Amino acid sequence: MEEQILLRTLGLSKNFGDVKALDGVSLDIKRGEIQGLIGENGSGKSTISSIIFGIHKASAGSMELSRTLYSPKSPMEARQNGISMIVQEKDTIDMLSVAENIFLGDEKEFKKGPFVDTAKMNAEAKKALSDIGIKDIDVTEPVYRFSFETRKLIEIAKALYYKPELIIIDETTTALSQDGRMKIYEIMRKQKEANKAVLFISHDLPELMETCDCLTILRDGSFVKKIEKSDFSENEIKKSMVGRTVSENLYRNDFEGRMTDKVAVCMENVKTDLLDNINLNLYEGEILGIGGLSGSGMHELGRVFAGLDRCNEGEVKVYGEKLKDLAQALRLKIGYISKDRDTETLFLAESIKDNLTISAWNILKRGFLILPGDEKKFAEKQIEELKIKCSSGNQLVRELSGGNKQKVSFGKLIGNGSRIMILDSPTRGVDVGVKTTMYELINNLKHEGHAIVIISEELPELIGMCDRILILKDGAISKEFERKPDLKETDIINYLI
Ligand SMILES: Nc1ncnc2c1ncn2[C@@H]1O[C@H](COP(=O)(O)OP(=O)(O)OP(=O)(O)O)[C@@H](O)[C@H]1O
Ligand SMILES: [Mg+2]
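The working numbering runs 27 ahead of the 1-based position in the sequence shown.
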């Protein structure tokens, strides 16, 4: 039924220099539909979304919105046409207030003579947030004061404020905890009920199969196929995405437990503003999982391990030495990947090679020298192993797709010779093909005797990879699980909530 089609793309292509990011993609998004979009890292999902939302201009092809020609020159114009997008990367400006971020570019709506009516703007911002169930945020505070997740929720409120006909959600759910995800699913359901539309991008296949009416698969910038819900099959989808059969089991399959009894990190009665009396040991040759809901303190615990947050009471000992700050953590060879990779882990304006090698100097140096040839070889090995999709090691990290950035931040850490590795959401936004490689690398590091922490919102990942799992609730450890073959998500969930 032609009249049901809200948005249609016709042969959309996009080149970035020599890179063909999108190659003649035609797709239809219908009213009353939640359409999933899936494909490997760098397959063009964010590129096509950005063209629909007016961030990029297509190199070729056209679009129709409700059967009229549509070619937005800016996100503002897209919003005026009823299209909103929650982008994959951070989309707030640190120093501006919550309200200013929500209405960035639209301040004229609140003009009173030459001035902006801030009281009115703040009141509207409050309303936008409360519409998605968030009531406890001071909208006059600058956004940098808020957690990564809260900043994402602010972006969601902004996207919905304009009551879009089509909302594009680009790889947002893996940045959110269970609560945040529930908000997104609720938003999608309401869009559908109101006969509006959603384009939903995620690497979480079970999530896509559950929430979407149909799935479009991209590979290397090209359209592969569209599958209706009644024909969903996990293996078929993976195969069409990657172009080959992907092994069914992503995770390690041994149950051998930790390799040593040598304590690498010991926390005793640790208290911070968000953590309450944490006692734990992390051993060499162990993968320790940390799980919990938003607000449980799991990410803060990662920061304590990394020397970024101080204890109010109690202490953290690393090989018996009291951990005081970040400089000391680096000296003690503690490596950390933050969930907020763009701000805390990567140098976006630098090349892939520089990002990968900057922390690997102690592996690469010969005497006082690092030879450029060694650097290049080292970077090339990582690029190949992690399948980082790029034109060369000299490409700037900022130009990479989201999942490929995540691979760089992972590669940066494993290359830096850390003995202790704190991985917060290490596979966030990474496609299933490469996830397997990452898990293998993590397991190899364990066998080499590294002490590893995986912090994750995803229980299957914790169950699949960890020797032990600590569940955090309200800042305290609510339960510890040992690795075993019959451990299930349902066993754990009761201790989360
Ligand atoms: N500004 C840019 N300059 C150069 N290349 C770019 C730029 N933006 C995107 N690309 C390239 O275009 C290709 C498609 O990227 P895109 O971001 O659309 O992938 P994606 O499917 O969203 O991947 P992911 O799942 O990792 O988010 C990638 O190879 C990427 O490196
Ligand atoms: Mg993307």
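Ideal Cβ positions, reconstructed from N, Cα and C, are used throughout, including at glycine.
Because the structure is a prediction, the values reported are computed rather than measured.
Between ligand 1 and S428, a heavy atom-to-CB distance of less than 7 Å is present. A residue is called buried when at least 16 other Cβ atoms come within 10 angstroms of its Cβ; F175 meets this threshold and is buried.
In the three-state scheme derived from DSSP, where H, G and I count as helix and E and B as strand, M90 is classed as strand.
The Cβ-Cβ distance between L54 and T199 does not fall below 8 Å.
Here E176 carries a helix assignment [DSSP, helix/strand/coil].
Contact annotation: C239 and G63 have beta-carbon atoms nearer than 8 Å. Distance from the Cα of L375 is smallest, within the candidate group I504, N431, R285 and M465, for N431. P99 sits in coil when the DSSP states are folded into three classes, being neither helix nor strand. Contact check between the region 296-306 and the region 488-505: three or more CB pairs, one atom from each, fall below 8 Å, which counts as touching. Shortest gap from the CB of Q115 to any heavy atom of ligand 2: under 7 Å.
Checking the 7 Å criterion, the Cβ of A202 is out of range of every heavy atom belonging to ligand 1.
Taking the Cα of V297 as reference, the smallest distance to any Cα among G319, R285, R279 and E342 is reached at E342. M112 is the residue among M112, E283, Y189 and T119 whose C-alpha sits nearest the C-alpha of D197.
Taken from the Cβ of D458, every heavy atom of ligand 2 lies 7 Å or farther away. In the structure shown, the three-state DSSP call for Q115 is coil. Counting along the chain, V457 sits inside no beta strand (DSSP E), nor does DSSP assign it H or E at all. The beta carbon of A105 sits closer than 8 Å to those of I79, F80, G81, P99, S111 and M112, all from its chain and outside the five residues before and after it, given in chain order. Beyond the five residues adjoining it in sequence on each side, Q218 comes within less than 7 Å, by CB distance, of I194, A224 and V225 in the same chain, given in chain order. Segment contact: the region 444-451 against the region 355-370, three or more CB-CB distances shorter than 8 Å; contact assigned.
For K366, there is no enclosing alpha helix (DSSP H), since its DSSP letter is neither H nor E. Fully enclosed alpha helix (DSSP H) runs of no fewer than 4 residues occupy 399-412 of the region 396-432, in order along the chain. Approximately 7 Å separates the beta-carbon atoms of V292 and F332; this is inside 8 Å, confirming the contact.
V331: member of the alpha helix (DSSP H) spanning M325 to F332, first to last residue. Ranked by Cα distance from K162, the options P169, E168 and K153 are led by K153.
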